[in-house]
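Heads up: the structure comes next, in C-alpha coordinates.
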Amino acid sequence: MLRLLAVLTLGLSLAGCASTREASLAEVRPWHSIKEFRDQRMADVADPWEGFNRSMYRFNFNLDRYLLLPVVEGYEYLTPRFVQKRVSGIFNNLSELRNLTNSIFQLKGTESATTLGRFLTNSTLGLAGMFDPATSFGLARRDQDFGKTLGYWGAASGPYLVLPFFGPSSVRDTAGLAVDSGITYGIYTVVDPFAATGNSLAYSAGLTALEGVDMRHQQSFRYYESGYPFEYYMVRFLYHEKREIETGKALPAEPDP
1 MLRLLAVLTL
11 GLSLAGCAST
21 REASLAEVRP
31 WHSIKEFRDQ
41 RMADVADPWE
51 GFNRSMYRFN
61 FNLDRYLLLP
71 VVEGYEYLTP
81 RFVQKRVSGI
91 FNNLSELRNL
101 TNSIFQLKGT
111 ESATTLGRFL
121 TNSTLGLAGM
131 FDPATSFGLA
141 RRDQDFGKTL
151 GYWGAASGPY
161 LVLPFFGPSS
171 VRDTAGLAVD
181 SGITYGIYTV
191 VDPFAATGNS
201 LAYSAGLTAL
211 EGVDMRHQQS
221 FRYYESGYPF
231 EYYMVRFLYH
241 EKREIETGKA
251 LPAEPDP
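So for the sequence shown, the UniProt record's numbering puts the first residue at 1; every next one is plus one.
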(Lines of atoms letter the chains of each structure in order from A and count residues from 1; the text may use other names and numbers.)
(Lines give C-alpha, C1' and ligand atoms only; values in the text may rest on other atoms or scores of the structure.)
Protein backbone atom coordinates (compact mmCIF):
# COMPACT_ATOMS: atom_id res chain seq x y z
CA MET A 1 0.00 0.00 0.00
CA LEU A 2 2.82 2.37 0.89
CA ARG A 3 4.57 1.66 -2.42
CA LEU A 4 1.33 2.17 -4.34
CA LEU A 5 0.74 5.46 -2.55
CA ALA A 6 4.25 6.63 -3.39
CA VAL A 7 3.79 5.79 -7.08
CA LEU A 8 0.45 7.62 -7.23
CA THR A 9 1.93 10.69 -5.51
CA LEU A 10 4.88 10.76 -7.91
CA GLY A 11 2.59 10.36 -10.91
CA LEU A 12 0.36 13.23 -9.81
CA SER A 13 3.41 15.45 -9.22
CA LEU A 14 4.82 14.75 -12.70
CA ALA A 15 1.45 15.36 -14.29
CA GLY A 16 1.19 18.68 -12.46
CA CYS A 17 4.69 19.70 -13.62
CA ALA A 18 3.89 18.71 -17.19
CA SER A 19 0.64 20.67 -17.25
CA THR A 20 2.39 23.72 -15.76
CA ARG A 21 5.18 23.49 -18.37
CA GLU A 22 2.66 23.13 -21.21
CA ALA A 23 0.76 26.15 -19.91
CA SER A 24 3.93 28.25 -19.75
CA LEU A 25 4.98 27.20 -23.24
CA ALA A 26 1.53 27.99 -24.57
CA GLU A 27 2.03 31.58 -23.46
CA VAL A 28 5.05 31.95 -25.79
CA ARG A 29 3.95 32.47 -29.38
CA PRO A 30 6.47 30.88 -31.77
CA TRP A 31 7.88 32.80 -34.75
CA HIS A 32 7.29 30.84 -37.93
CA SER A 33 8.25 33.40 -40.58
CA ILE A 34 9.57 36.87 -41.19
CA LYS A 35 5.96 38.13 -40.91
CA GLU A 36 6.25 37.70 -37.17
CA PHE A 37 8.61 40.68 -36.94
CA ARG A 38 7.77 42.87 -39.93
CA ASP A 39 8.09 45.91 -37.68
CA GLN A 40 11.75 45.13 -36.97
CA ARG A 41 14.61 46.72 -38.95
CA MET A 42 15.79 43.27 -40.01
CA ALA A 43 12.91 43.24 -42.50
CA ASP A 44 13.76 46.63 -44.06
CA VAL A 45 16.23 45.41 -46.70
CA ALA A 46 14.84 45.38 -50.26
CA ASP A 47 14.86 41.75 -51.41
CA PRO A 48 12.55 41.32 -54.44
CA TRP A 49 14.50 38.25 -55.61
CA GLU A 50 14.31 36.40 -52.29
CA GLY A 51 13.50 33.05 -53.93
CA PHE A 52 16.60 33.21 -56.13
CA ASN A 53 18.74 34.54 -53.27
CA ARG A 54 17.67 31.75 -50.93
CA SER A 55 18.51 29.17 -53.61
CA MET A 56 21.91 30.77 -54.10
CA TYR A 57 22.46 30.87 -50.32
CA ARG A 58 21.85 27.09 -50.21
CA PHE A 59 24.08 26.62 -53.27
CA ASN A 60 26.92 28.42 -51.47
CA PHE A 61 26.34 26.25 -48.42
CA ASN A 62 26.69 23.09 -50.52
CA LEU A 63 29.66 24.54 -52.41
CA ASP A 64 31.30 25.20 -49.05
CA ARG A 65 30.40 21.84 -47.58
CA TYR A 66 31.41 19.59 -50.45
CA LEU A 67 34.20 21.52 -52.18
CA LEU A 68 35.62 24.69 -50.68
CA LEU A 69 35.90 23.78 -47.00
CA PRO A 70 37.39 20.32 -47.64
CA VAL A 71 40.01 21.98 -49.88
CA VAL A 72 40.66 24.70 -47.29
CA GLU A 73 40.93 22.13 -44.49
CA GLY A 74 43.40 20.12 -46.57
CA TYR A 75 45.39 23.28 -47.29
CA GLU A 76 45.47 24.19 -43.59
CA TYR A 77 46.46 20.63 -42.62
CA LEU A 78 49.32 20.35 -45.14
CA THR A 79 50.64 23.92 -44.98
CA PRO A 80 52.45 25.24 -41.90
CA ARG A 81 50.74 28.20 -40.26
CA PHE A 82 53.79 30.38 -40.94
CA VAL A 83 53.44 29.71 -44.68
CA GLN A 84 49.68 30.31 -44.57
CA LYS A 85 50.27 33.78 -43.11
CA ARG A 86 52.88 34.59 -45.76
CA VAL A 87 50.51 33.54 -48.58
CA SER A 88 47.69 35.63 -47.09
CA GLY A 89 50.08 38.57 -46.77
CA ILE A 90 51.01 38.42 -50.46
CA PHE A 91 47.37 38.41 -51.61
CA ASN A 92 46.43 41.13 -49.12
CA ASN A 93 49.28 43.25 -50.44
CA LEU A 94 48.10 42.77 -54.04
CA SER A 95 44.62 43.91 -52.99
CA GLU A 96 46.15 47.26 -52.01
CA LEU A 97 46.02 48.11 -55.72
CA ARG A 98 42.22 47.90 -55.55
CA ASN A 99 42.26 50.02 -52.40
CA LEU A 100 44.51 52.57 -54.09
CA THR A 101 42.48 52.96 -57.28
CA ASN A 102 39.24 53.42 -55.35
CA SER A 103 40.78 55.90 -52.93
CA ILE A 104 41.81 57.90 -56.00
CA PHE A 105 38.31 57.57 -57.51
CA GLN A 106 36.93 59.00 -54.25
CA LEU A 107 39.43 61.89 -54.39
CA LYS A 108 40.86 60.95 -50.99
CA GLY A 109 44.40 62.29 -51.33
CA THR A 110 45.70 61.44 -47.85
CA GLU A 111 44.22 57.96 -47.94
CA SER A 112 45.62 57.35 -51.43
CA ALA A 113 49.10 58.39 -50.28
CA THR A 114 48.85 56.12 -47.23
CA THR A 115 47.74 53.14 -49.33
CA LEU A 116 50.49 53.73 -51.89
CA GLY A 117 52.99 53.94 -49.04
CA ARG A 118 51.68 50.65 -47.62
CA PHE A 119 51.99 48.91 -50.96
CA LEU A 120 55.52 50.13 -51.66
CA THR A 121 56.72 49.42 -48.11
CA ASN A 122 55.28 45.92 -47.91
CA SER A 123 56.34 45.09 -51.47
CA THR A 124 59.97 45.91 -50.68
CA LEU A 125 60.72 45.69 -46.97
CA GLY A 126 57.88 43.22 -46.50
CA LEU A 127 59.16 40.91 -49.27
CA ALA A 128 56.19 41.17 -51.67
CA GLY A 129 53.76 41.44 -48.76
CA MET A 130 54.80 38.34 -46.84
CA PHE A 131 55.33 40.66 -43.89
CA ASP A 132 53.57 43.90 -42.90
CA PRO A 133 56.10 46.50 -41.71
CA ALA A 134 53.85 49.30 -43.03
CA THR A 135 51.40 48.89 -40.15
CA SER A 136 54.19 49.27 -37.59
CA PHE A 137 55.20 52.47 -39.44
CA GLY A 138 51.71 53.89 -38.86
CA LEU A 139 50.40 53.24 -42.38
CA ALA A 140 47.01 51.71 -41.60
CA ARG A 141 45.17 49.62 -44.17
CA ARG A 142 42.09 51.26 -45.72
CA ASP A 143 39.84 48.71 -47.43
CA GLN A 144 38.11 50.13 -50.49
CA ASP A 145 36.24 48.76 -53.48
CA PHE A 146 34.25 50.17 -56.38
CA GLY A 147 30.96 49.38 -54.62
CA LYS A 148 32.01 51.81 -51.89
CA THR A 149 33.10 54.29 -54.54
CA LEU A 150 29.64 54.18 -56.15
CA GLY A 151 28.07 54.67 -52.72
CA TYR A 152 30.45 57.54 -51.99
CA TRP A 153 29.21 59.35 -55.09
CA GLY A 154 25.56 58.82 -54.18
CA ALA A 155 24.53 55.53 -55.78
CA ALA A 156 21.95 53.59 -53.78
CA SER A 157 22.69 49.98 -52.89
CA GLY A 158 19.72 48.63 -54.84
CA PRO A 159 18.12 45.25 -54.09
CA TYR A 160 19.92 42.59 -52.09
CA LEU A 161 21.65 39.91 -54.16
CA VAL A 162 23.42 36.68 -53.21
CA LEU A 163 26.24 35.77 -55.60
CA PRO A 164 27.72 32.30 -56.15
CA PHE A 165 30.96 31.87 -54.17
CA PHE A 166 31.11 35.56 -53.15
CA GLY A 167 27.92 35.41 -51.08
CA PRO A 168 25.93 38.46 -49.86
CA SER A 169 25.98 41.48 -52.16
CA SER A 170 23.70 44.06 -53.78
CA VAL A 171 23.16 45.40 -57.29
CA ARG A 172 25.58 48.25 -56.58
CA ASP A 173 28.24 46.01 -55.04
CA THR A 174 27.92 43.45 -57.84
CA ALA A 175 28.61 46.20 -60.38
CA GLY A 176 31.52 47.32 -58.21
CA LEU A 177 32.92 43.79 -58.11
CA ALA A 178 32.79 43.60 -61.91
CA VAL A 179 34.66 46.92 -62.25
CA ASP A 180 37.31 45.96 -59.67
CA SER A 181 37.83 42.61 -61.40
CA GLY A 182 38.19 44.35 -64.75
CA ILE A 183 40.78 46.80 -63.37
CA THR A 184 42.72 43.99 -61.69
CA TYR A 185 42.68 41.95 -64.89
CA GLY A 186 43.85 44.97 -66.88
CA ILE A 187 46.78 45.60 -64.52
CA TYR A 188 47.69 41.91 -64.55
CA THR A 189 47.57 41.79 -68.36
CA VAL A 190 49.91 44.76 -68.65
CA VAL A 191 52.38 43.41 -66.08
CA ASP A 192 52.02 39.69 -66.97
CA PRO A 193 54.55 38.36 -64.44
CA PHE A 194 54.57 34.86 -65.98
CA ALA A 195 55.11 35.91 -69.61
CA ALA A 196 58.70 34.66 -69.62
CA THR A 197 57.70 31.16 -68.52
CA GLY A 198 55.99 30.34 -71.80
CA ASN A 199 53.01 28.90 -69.89
CA SER A 200 51.40 32.03 -68.50
CA LEU A 201 47.83 30.66 -68.61
CA ALA A 202 48.59 27.64 -66.41
CA TYR A 203 50.45 29.72 -63.84
CA SER A 204 47.67 32.32 -63.80
CA ALA A 205 45.03 29.63 -63.27
CA GLY A 206 47.03 28.13 -60.40
CA LEU A 207 47.48 31.54 -58.79
CA THR A 208 43.75 32.29 -59.11
CA ALA A 209 42.88 28.94 -57.50
CA LEU A 210 45.28 29.59 -54.62
CA GLU A 211 43.80 33.06 -54.16
CA GLY A 212 40.31 31.54 -53.92
CA VAL A 213 41.48 29.03 -51.30
CA ASP A 214 43.21 31.76 -49.31
CA MET A 215 40.14 34.00 -49.52
CA ARG A 216 37.97 31.28 -47.97
CA HIS A 217 40.73 30.47 -45.48
CA GLN A 218 40.71 34.05 -44.20
CA GLN A 219 36.90 34.18 -43.93
CA SER A 220 35.67 32.61 -40.68
CA PHE A 221 31.96 32.66 -41.58
CA ARG A 222 30.32 29.24 -41.97
CA TYR A 223 26.83 28.82 -43.40
CA TYR A 224 24.11 27.63 -41.02
CA GLU A 225 26.37 27.53 -37.97
CA SER A 226 24.91 30.59 -36.24
CA GLY A 227 22.22 28.54 -34.53
CA TYR A 228 19.74 31.30 -35.43
CA PRO A 229 16.52 30.05 -37.09
CA PHE A 230 16.38 33.09 -39.39
CA GLU A 231 20.03 33.18 -40.42
CA TYR A 232 19.24 34.26 -44.00
CA TYR A 233 17.49 37.42 -42.76
CA MET A 234 20.17 38.09 -40.16
CA VAL A 235 23.01 37.86 -42.72
CA ARG A 236 21.06 40.00 -45.18
CA PHE A 237 20.46 42.71 -42.56
CA LEU A 238 24.02 42.73 -41.19
CA TYR A 239 25.55 42.89 -44.68
CA HIS A 240 23.26 45.74 -45.73
CA GLU A 241 23.89 47.75 -42.56
CA LYS A 242 27.66 47.22 -42.74
CA ARG A 243 27.82 48.49 -46.31
CA GLU A 244 25.56 51.45 -45.59
CA ILE A 245 27.82 52.50 -42.71
CA GLU A 246 30.98 52.04 -44.81
CA THR A 247 29.61 54.21 -47.61
CA GLY A 248 28.32 56.87 -45.21
CA LYS A 249 24.66 56.17 -46.01
CA ALA A 250 23.87 55.27 -42.41
CA LEU A 251 25.37 56.07 -39.06
CA PRO A 252 26.12 53.36 -36.52
CA ALA A 253 23.69 53.27 -33.61
CA GLU A 254 24.91 55.16 -30.56
CA PRO A 255 25.27 53.05 -27.41
CA ASP A 256 22.83 53.67 -24.58
CA PRO A 257 24.26 55.99 -21.88
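Note that CB positions come from ideal geometry on N, CA and C, so glycine has one too.
Task: Residues near Glu-231 by beta carbon distance below 7 Å, same chain, minus five either side - done: Tyr-224
Task: the segment 63-78 / the segment 200-218 touching (three or more Cβ pairs under 8 Å) - done: yes
Open item on the list: Can you give me the C-alpha to C-alpha distance between Leu-67 and Phe-105, rounded to a whole angstrom?
Closed with: 37 Å
- [ ] Indicate whether Gln-218 and Ser-88 have their beta-carbon atoms separated by less than 8 Å.
- [x] yes
TODO: Count the C-beta pairs between the segment 122-129 and the segment 89-98 that are closer than 8 Å, then say yes if the count reaches three, no if not.
DONE: yes
Task: Test item: CB-CB of Thr-149 and Leu-161 under 8 Å - done: no
Open item on the list: Less than 8 Å between the beta carbons of Gly-147 and Leu-177, yes or no?
Closed with: yes
TODO: Count the other CB atoms, across all protein chains shown, that sit within 10 Å of the CB of Ala-134; report buried if there are 16 or more and exposed otherwise.
DONE: buried
- [ ] Could you work out which residue in Phe-59, Ser-123, Val-171, Thr-79 is closest to Pro-48 when comparing CA atoms only?
- [x] Val-171
Open item on the list: For Thr-184, which residues in the same chain have their Cβ closer than 8 Å to its Cβ, ignoring the five residues on either side in sequence?
Closed with: Leu-97, Arg-98
Open item on the list: Can you find the residues in the same chain that come closer than 7 Å, C-beta to C-beta, to Glu-246, ignoring five residues on each side of it along the sequence?
Closed with: Lys-148
Open item on the list: Please state the DSSP three-state secondary structure of Pro-229.
Closed with: coil
TODO: Measure the C-alpha to C-alpha separation of Gln-84 and Leu-210 and round it to an integer number of angstroms.
DONE: 11 Å
Task: Beta carbon of Thr-197 nearer than 8 Å to that of Tyr-203 - done: yes
TODO: Could you have a look at Gly-154 and say whether DSSP puts it in helix, strand or coil?
DONE: coil
Open item on the list: With a threshold of 7 Å on Cβ separation, who are the neighbours of Val-179 within its own chain once the five nearest residues in sequence on each side are excluded?
Closed with: Phe-146
- [ ] With a threshold of 16 other CB atoms inside 10 Å of the CB of Ser-200, please say whether the residue is buried or exposed.
- [x] exposed
- [ ] Closer than 7 Å by C-beta to Leu-125: which residues in its own chain qualify, once you throw out the five before and the five after it? Chain order, please.
- [x] Pro-133
Open item on the list: Measuring straight from C-alpha to C-alpha, what distance separates Pro-193 and Pro-168?
Closed with: 32 Å
Open item on the list: Is the separation between the beta-carbon of Leu-139 and that of Thr-121 shorter than 8 Å?
Closed with: yes
TODO: Would you kindly check if the distance between the Cβ of Phe-221 and the Cβ of Leu-63 is under 8 Å?
DONE: no
Open item on the list: My parser needs the beta strand (DSSP E) runs of 3 or more residues fully inside the segment 81-110; what are they?
Closed with: none
Task: Val-162 - DSSP class collapsed to helix/strand/coil - done: strand
TODO: With a threshold of 16 other CB atoms inside 10 Å of the CB of Met-56, please say whether the residue is buried or exposed.
DONE: buried
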